[in-house]
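See structure below.
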Amino acid sequence: MRTALACYGAGSLGALAMCLSLWLAGRHGVHQSLGVALAPSLAPWWLYPRLVWGGLAGLAFLLTGRPTLGRALLLSFLPAAVDLAVVYPFELHQGFAGLELGLLTPLVVWLHWTLWSLVTALALRLA
2 MRTALACYGA GSLGALAMCL SLWLAGRHGV HQSLGVALAP SLAPWWLYPR LVWGGLAGLA
62 FLLTGRPTLG RALLLSFLPA AVDLAVVYPF ELHQGFAGLE LGLLTPLVVW LHWTLWSLVT
122 ALALRLA
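First residue of the sequence shown? That's 2 in this note's numbering, and the numbers climb one at a time after it.
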């Protein structure tokens with residue numbers, strides 16, 4: 002139980018880092034310079050579900066054993082795939098993989114989920 006709670010907490014911390022990076026990149030025009038229309042706010046209605054889902058995704062680290070860089074990078078594909086195959090087309094109505102937001106949307110989404118996985122793995126290593 003303790004390990005599951007640590008994975009959830011680390012995943013939520015990773016999600017916070019990911020949300021802050023999404024917000025900062027949108028605010029400072031990084032996404033726009035790549036032709037991607039992602040510029041979220043830090044409003045509670047946007048932030049809260051991502052923290053919860055990030056924590057739940059952190060439970061995937063239970064299956065990998067000791068978190069390593071390679072495992073963290075591999076695990077970043079799972080939530081990114083869910084975002085691109087389910088969230089963007091069905092919840093946000095932005096087309097498959099969010100391509101209506103720009104052609105590089107899948108890369109941008111995966112890079113932010115990679116940050117999530119690295120922060121999550123680091124938090125677990127320190128816990």
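Each residue gets a CB set at the ideal place from its N, CA and C atoms; glycine is no exception.
Asked	Found
Spatial neighbours of P107 in its chain, beta-carbon cut-off 6 angstroms, leaving aside the 5 residues before and after	L85, A98
Q95 (DSSP reduced to helix, strand or coil)	coil
Separation of P41 from G30, as counted between CA atoms	12 angstroms
Among W46, E92, L119, the one whose alpha carbon lies nearest that of F78	L119
Beta-carbon proximity check, L23 vs A124, cutoff 7 angstroms	no
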